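A.B. asks: Residue numbers (our numbering), protein chains in the order written: chain A, 2 to 263; chain B, 2 to 263.
Shown below is the structure under consideration.
2 protein chains.
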Amino acid sequence: MSRTIDKVMRVLDLFSLERPEWGVSEAAKALGFPKSTTSELMSDLADQRLLSRATKGKYRLGWRLFELSQTLLDTTEFRMEARRVMEELVGCWRETVHLAVLDGVQAVYVEKLQPTPAVKIWISRTGARLPAHCSGVGKVLLAHSKWEHIAALFEDQGMPTLTHNTITTLDALAEELERVRELGYAHDHEETLVGLCCVAAPVHGSGGEVIAAVSLSVPAYRFCPNEDNYTAAILDAARRISESAGPELQESPDYEMEVQGT
Amino acid sequence: MSRTIDKVMRVLDLFSLERPEWGVSEAAKALGFPKSTTSELMSDLADQRLLSRATKGKYRLGWRLFELSQTLLDTTEFRMEARRVMEELVGCWRETVHLAVLDGVQAVYVEKLQPTPAVKIWISRTGARLPAHCSGVGKVLLAHSKWEHIAALFEDQGMPTLTHNTITTLDALAEELERVRELGYAHDHEETLVGLCCVAAPVHGSGGEVIAAVSLSVPAYRFCPNEDNYTAAILDAARRISESAGPELQESPDYEMEVQGT
DNA sequence: AATCCTCGTTCGACGATACCGAACGTGCCG
DNA sequence: CGGCACGTTCGGTATCGTCGAACGAGGATT
Numbered sequence: 002m003s004r005t006i007d008k009v010m011r012v013l014d015l016f017s018l019e020r021p022e023w024g025v026s027e028a029a030k031a032l033g034f035p036k037s038t039t040s041e042l043m044s045d046l047a048d049q050r051l052l053s054r055a056t057k058g059k060y061r062l063g064w065r066l067f068e069l070s071q072t073l074l075d076t077t078e079f080r081m082e083a084r085r086v087m088e089e090l091v092g093c094w095r096e097t098v099h100l101a102v103l104d105g106v107q108a109v110y111v112e113k114l115q116p117t118p119a120v121k122i123w124i125s126r127t128g129a130r131l132p133a134h135c136s137g138v139g140k141v142l143l144a145h146s147k148w149e150h151i152a153a154l155f156e157d158q159g160m161p162t163l164t165h166n167t168i169t170t171l172d173a174l175a176e177e178l179e180r181v182r183e184l185g186y187a188h189d190h191e192e193t194l195v196g197l198c199c200v201a202a203p204v205h206g207s208g209g210e211v212i213a214a215v216s217l218s219v220p221a222y223r224f225c226p227n228e229d230n231y232t233a234a235i236l237d238a239a240r241r242i243s244e245s246a247g248p249e250l251q252e253s254p255d256y257e258m259e260v261q262g263t
Numbered sequence: 002m003s004r005t006i007d008k009v010m011r012v013l014d015l016f017s018l019e020r021p022e023w024g025v026s027e028a029a030k031a032l033g034f035p036k037s038t039t040s041e042l043m044s045d046l047a048d049q050r051l052l053s054r055a056t057k058g059k060y061r062l063g064w065r066l067f068e069l070s071q072t073l074l075d076t077t078e079f080r081m082e083a084r085r086v087m088e089e090l091v092g093c094w095r096e097t098v099h100l101a102v103l104d105g106v107q108a109v110y111v112e113k114l115q116p117t118p119a120v121k122i123w124i125s126r127t128g129a130r131l132p133a134h135c136s137g138v139g140k141v142l143l144a145h146s147k148w149e150h151i152a153a154l155f156e157d158q159g160m161p162t163l164t165h166n167t168i169t170t171l172d173a174l175a176e177e178l179e180r181v182r183e184l185g186y187a188h189d190h191e192e193t194l195v196g197l198c199c200v201a202a203p204v205h206g207s208g209g210e211v212i213a214a215v216s217l218s219v220p221a222y223r224f225c226p227n228e229d230n231y232t233a234a235i236l237d238a239a240r241r242i243s244e245s246a247g248p249e250l251q252e253s254p255d256y257e258m259e260v261q262g263t
C-alpha cells in the first residue's frame, strides 16, 4: 500500500469538529512525523486545495473536498427521492429518520432528518461513520453483503461494544443477519445507544442489489413495534425510494456546461 | 511537489457528473498512466475509502470524501446563519442567491438557493468552481485578497473569457477590484453568462477579514440596480451573516488594504 | 464447449522520489 | 536585545512507487 496516501489520510483525519485547525508542529507531534515531512505534506495538500491556509500558519480542510463530495452526492441517484420520502416519514411519525450506506463495515449517514422540535441530538450526524454491526441500518446493509468479506474486516478491526445489547461475536452477528434477510428489515433494541431503538429497511438499486438503508429511530420507552407499524412504514418508504431508482432509463439531462479555469 | 498526491488528484478529478464511474483501463488511458500503476493507485484509494468499488470492476468516489467535506462544512461557522438569511432573500426577491468562498483564484459555490419555480439552471452548482474574476462573488472575494498573490495565480492560469463582458486583463481587474473595495459591493453585468447579472457583497469574519460573499442573481432584462435596491438588500444580508460570526467590533476602514503594484 | 478478447490484478527489479536532520528566516514574548 | 517556537528550505540517502510482462477471471462470439 502506498505510504504517501496513507500519510495523507492520517493528516486529513486530524481535522475534526473539535479541532478544525492544525499547525505543522502540532500535526507533526500528533502523528509522530518529522516536522519537515509534515510541512511538505501539508504544503502539497494546500497546493492541491485539499487543505487551505488559515491565519497564522494554521491549516484547515480545503474546499476541493467539498467539490468532490458534491459530485459524489450529485451522482448518487437515490438521494433526491430518498429525501422526499424521508421528509414525509418525519412529518408523519415525528421521529428521527436516517439514510445510510455501507462503507467497509461501517455505516455512513448520508442524510438525517429530525422532527421539529428535535427530541434529542443523537450520536449520529450527517457525514458520521458508525460501526455497522450495532445499528439498524448497519445490520440491514451487512445482511446483504458478502459474509466472508465483512467477517474478515471485523476480525481485523474488532467489534466495538457500545451498549449491553450490542452484538459482540461473529456467530451472533451471522445469526442476526440471517434473521434480517428473512424478515426483510432490522430492529435495533438499544444496541447503539441505551434508550434508542429503530427499524431499518433496505433500499434496492435498479439491479436489485442493496445500495442503502433507511431507518426510523424511536426512544425505547415509546417503541412498540407490535402496536404501531413502524415496520410497515419504513418498508414502504424503502420500497418507494427503490422504485425511483428502478426505471432504468432515466437519462440525466445534459448540463449546459462545466466551466473550470485551467 | 509530491508526485503521488498529484496523481491521486488527477485520478479523483476524473470522476464527474457525466462520468461517475471509471474502470482501471479507462482511467489509465485517459490519464496516460500505465495500467499497473493506475490499478495499484485506485486500489490503494479504495482501501482508504476515497474510492469505492462499484459493480464489474468499476470505481466510484468514496464516502470518506463526504465525511471530510461534512466536517469542513460543520466547522464553517457562517454557514447556518447564511442559509437562514439566504432563504429570506429568496423569499423576498424571488431570485437565485449564492454563497461562495475563495479558493485560489476560483470561487467555490458553498450554497445556492433558487426560488420555486426555478427560473433556469445556471452554470453554477453547489460544489462547483468558477473563475473568480468574472462573477460578482468572485470579484468581491478577490478585492479583499493580497493582490500580488492572485496576480501571480492569474499569470499562471490565465483569465478565461466567458462572455464579451468578462474582464480579461490584470490592469482592468485591478481597477475593478479597487472600485469594488470603495463601493463595498460588486456588480456582474453578464460577465459570467450572457443574460445574467448579479450583485454581490462581502461576508466578514470575527476578525474583520472577508471570509465569503453572497450574491443575488437577476436576469439581465430584469436588472435595474437604480430602481430596485438589490444592492441594499444584499449588503444588509451580508452584514447580518457577518454579525452572526463576529460579536466583536469590526472596524469599517480597513487600513491595511493592499495597494496594487504591477 | 472452446476460443479469443479485455478486464483488473500480481510480481519483481529498477530508478525516481519521498524522507528527514540540519540550517534558515520570521514573528513573538520576555 | 536575545531566546523561543514556528513554518519553510535544502540536499544526500534509502525507500517505495513505478512499469512491462505475466497471470487469472469473465463475457462474448463462433
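For each residue, glycine too, the CB sits at the ideal point set by N, CA and C.
Source: prediction; values computed, not measured.
So valine 12 (chain B) and methionine 43 (chain B) are in contact, right, with Cβ under 8 Å, and what is the actual spacing, rounded?
C.D. replies: For the purposes of this step, residue 12 (chain B) is taken as residue 11 along the second sequence, with counting starting at 1. For the purposes of this step, residue 43 (chain B) is taken as residue 42 along the second sequence, with counting starting at 1. That belief holds up - the Cβ atoms of valine 12 (chain B) and methionine 43 (chain B) are roughly 6 Å apart, short of 8 Å.
A.B. asks: Just to confirm my understanding: we take leucine 154 (chain A), look at its own chain, exclude 5 residues before and 5 after, and list those with CB closer than 8 Å. What are they?
C.D. replies: Here residue 154 (chain A) is taken as the residue at index 153 of the first sequence, counted from 1. Cβ within range, chain order: Gly105, Val106.
A.B. asks: Can you have a look at methionine 87 (chain A) and say buried or exposed, based on whether 16 or more other CB atoms are within 10 angstroms of its CB?
C.D. replies: Indexing the first sequence from 1 puts residue 87 (chain A) at position 86. Buried is the call here.
A.B. asks: Spell out a yes or no on whether the region 66-74 of chain A and the region 189-208 of chain A are touching, meaning 3 or more CB-CB pairs, one atom from each, closer than 8 Å.
C.D. replies: Segments in contact, no.
A.B. asks: Using a Cβ-Cβ cutoff of 8 Å, what residues of the region 9-22 of chain A are near chain B? List them in chain order.
C.D. replies: The residues in question are Val9, Met10, Leu13, Phe16, Ser17, Leu18, Pro21.
A.B. asks: Can you look up glutamine 71 (chain A) in the DSSP assignment and give me helix, strand or coil?
C.D. replies: The residue labelled residue 71 (chain A) in the question sits at position 70 within the first sequence. It is helical.
A.B. asks: What residue does the beta strand (DSSP E) around glutamate 112 (chain B) start on, and which one ends it?
C.D. replies: Position 111 of the second sequence, counted from the start, is the residue given in the question as residue 112 (chain B). Here the beta strand (DSSP E) through glutamate 112 (chain B) covers 107-114.
A.B. asks: Listed in chain order, which residues of the region 55-75 of chain A have Cβ atoms closer than 8 Å to some Cβ of chain B?
C.D. replies: Correct list: Thr56, Arg61, Leu62, Gly63, Trp64, Arg65, Leu66, Phe67, Glu68, Leu69, Ser70, Gln71, Thr72, Leu73, Leu74, Asp75.
A.B. asks: Going by beta carbon distance, what residues of the same chain come within less than 6 Å of methionine 160 (chain A), once the five residues before and after it are set aside?
C.D. replies: By one-based count along the first sequence, residue 160 (chain A) stands at place 159. Result list for methionine 160 (chain A): His134, Thr169, in chain order.
A.B. asks: Thinking C-beta only, is lysine 140 (chain B) closer than 7 Å to serine 125 (chain B)?
C.D. replies: Translated into the one-based positions of the second sequence, residue 125 (chain B) becomes position 124. Translated into the one-based positions of the second sequence, residue 140 (chain B) becomes position 139. No, Cβ-Cβ distance for serine 125 (chain B) and lysine 140 (chain B) is not below 7 Å.
A.B. asks: So, is tyrosine 110 (chain A) buried or exposed, given that buried needs 16 or more other C-beta atoms within 10 angstroms?
C.D. replies: Working through the first sequence from its first residue, we reach residue 110 (chain A) at position 109. Result: buried.
A.B. asks: Could you tell me whether any Cβ in chain A is nearer than 7 Å to the Cβ of glycine 92 (chain B)?
C.D. replies: Your numbering for residue 92 (chain B) matches position 91 in the second sequence. No, its Cβ sits nowhere closer than 7 Å to a Cβ of chain A.
A.B. asks: Once you ignore the five residues that flank valine 260 (chain A) on each side, which residues in its own chain have a CB closer than 6 Å to its CB?
C.D. replies: Position 259 of the first sequence, counted from the start, is the residue given in the question as residue 260 (chain A). Since pLDDT at valine 260 (chain A) reaches only 34, below the 50 mark, its modelled position is unreliable, and the value read off the structure follows with that caveat. Nothing meets the Cβ criterion.
A.B. asks: Alpha helix (DSSP H) containing cysteine 93 (chain B): first to last residue?
C.D. replies: As a first step, residue 93 (chain B) is located in the second sequence; it is residue number 92 there, counting from the start. Residues 79-94.
A.B. asks: Given a limit of 8 Å on CB to CB distance, which residues of the region 97-115 of chain B reach chain A?
C.D. replies: From the region 97-115 of chain B, only Val102, Asp104, Gly105, Val106, Gln107, Val109, Val111 have a Cβ closer than 8 Å to chain A.
A.B. asks: Give, in chain order, every residue of the region 123-135 of chain B whose Cβ lies closer than 7 Å to some Cβ of chain A.
C.D. replies: So the close ones are Ile124, Thr127, Gly128, Arg130, Leu131, Pro132.
A.B. asks: Going by the CB atoms, is the gap between glycine 137 (chain B) and cysteine 199 (chain B) shorter than 7 Å?
C.D. replies: Position 198 of the second sequence, counting from 1, holds the residue named residue 199 (chain B). Position 136 of the second sequence, counting from 1, holds the residue named residue 137 (chain B). For cysteine 199 (chain B) and glycine 137 (chain B), yes; Cβs fall inside 7 Å.
A.B. asks: Expressed to the nearest angstrom, what Euclidean distance is found between the alpha-carbon atoms of leucine 100 (chain B) and valine 215 (chain B)?
C.D. replies: Taking the first residue of the second sequence as position 1, residue 100 (chain B) is located at position 99. Taking the first residue of the second sequence as position 1, residue 215 (chain B) is located at position 214. C-alpha separation (whole angstroms): 5 Å.
A.B. asks: Between the region 42-54 of chain A and chain B, which residues of the former have CB atoms less than 9 Å from a CB of the latter, in chain order?
C.D. replies: Listed by position, the residues of the region 42-54 of chain A near chain B (Cβ gap below 9 Å) are Leu42, Ser44, Asp45, Leu46, Asp48, Gln49, Arg50, Leu51, Ser53.
A.B. asks: Quick check on serine 216 (chain A) - is its C-beta less than 7 Å from some C-beta in chain B?
C.D. replies: For this step, residue 216 (chain A) is matched to residue 215 along the first sequence. Not one chain B Cβ lies under 7 Å of serine 216 (chain A).
A.B. asks: Please confirm if the region 179-187 of chain B is in contact with the region 143-150 of chain B, defined as three or more CB-CB distances below 8 Å between the two stretches.
C.D. replies: A contact exists between the region 179-187 of chain B and the region 143-150 of chain B.
A.B. asks: What is the residue span of the beta strand (DSSP E) that serine 125 (chain A) lies within?
C.D. replies: Taking the first sequence and counting its residues from 1, the one referred to as residue 125 (chain A) is at position 124. Premise fails: serine 125 (chain A) is in no beta strand (DSSP E) and is neither H nor E.
A.B. asks: Can you check whether the CB of alanine 29 (chain A) is closer than 7 Å to the CB of lysine 36 (chain A)?
C.D. replies: Walking along the first sequence from the start, residue 36 (chain A) turns up at place 35. Walking along the first sequence from the start, residue 29 (chain A) turns up at place 28. Their beta carbons are under 7 Å apart, which means lysine 36 (chain A) touches alanine 29 (chain A) by this criterion.
A.B. asks: If we ignore side chains and look at the alpha-carbon of each, how far apart do tyrosine 231 (chain B) and aspartate 172 (chain B) end up?
C.D. replies: Taking the second sequence and counting its residues from 1, one reaches residue 231 (chain B) at position 230. Taking the second sequence and counting its residues from 1, one reaches residue 172 (chain B) at position 171. Answer to the nearest angstrom: the Cα atoms are 28 Å apart.
A.B. asks: Verify the CB distance criterion: does isoleucine 6 (chain B) have a CB-CB separation below 7 Å to chain A?
C.D. replies: The residue given as residue 6 (chain B) occupies position 5 in the second sequence. Interface residue, yes.
A.B. asks: Answer with buried or exposed for asparagine 96 (chain B), where buried requires no fewer than 16 other C-beta atoms within 10 angstroms of its C-beta.
C.D. replies: Here the question's residue 96 (chain B) lines up with position 95 in the second sequence. Here the sequence assigns glutamate to residue 96 (chain B), which means asparagine is not the residue at that position. Its Cβ being crowded by 16 or more others within 10 Å, glutamate 96 (chain B) is buried.
A.B. asks: Exposed or buried, threonine 56 (chain B), counting other C-beta atoms within 10 Å across all chains shown (16 or more means buried)?
C.D. replies: If you number the second sequence from 1, residue 56 (chain B) lands on position 55. Burial call: exposed.
A.B. asks: According to DSSP, is threonine 97 (chain B) part of a helix, a strand, or is it coil?
C.D. replies: One-based indexing of the second sequence puts residue 97 (chain B) at position 96. The answer is strand: DSSP assigns threonine 97 (chain B) an E or B state.
A.B. asks: Cα-Cα, which of A:Ser245, A:Ser17, A:Ala221 is closest to arginine 130 (chain A)?
C.D. replies: As a first step, residue 130 (chain A) must be located in the first sequence, where it is residue number 129. Measuring from the Cα of arginine 130 (chain A), the nearest candidate turns out to be A:Ser17.
A.B. asks: Could you tell me which residues DSSP pairs with cysteine 303 (chain A) in its beta bridges?
C.D. replies: The requested residue 303 (chain A) does not occur in the structure, where chain A is confined to residues 2 to 263.
A.B. asks: Would you kindly report the start and end of the unbroken beta strand (DSSP E) that includes leucine 194 (chain A)?
C.D. replies: Taking the first sequence and counting its residues from 1, one reaches residue 194 (chain A) at position 193. It is not in any beta strand (DSSP E) - leucine 194 (chain A) carries neither H nor E in the DSSP assignment.
A.B. asks: Would you mind stating whether alanine 239 (chain B) and valine 204 (chain B) have Cβ atoms separated by less than 7 Å?
C.D. replies: Residue numbering aside, residue 239 (chain B) sits at position 238 when the second sequence is read from its first letter. Residue numbering aside, residue 204 (chain B) sits at position 203 when the second sequence is read from its first letter. Taking 7 Å as the Cβ cut-off, alanine 239 (chain B) and valine 204 (chain B) qualify as a contacting pair.
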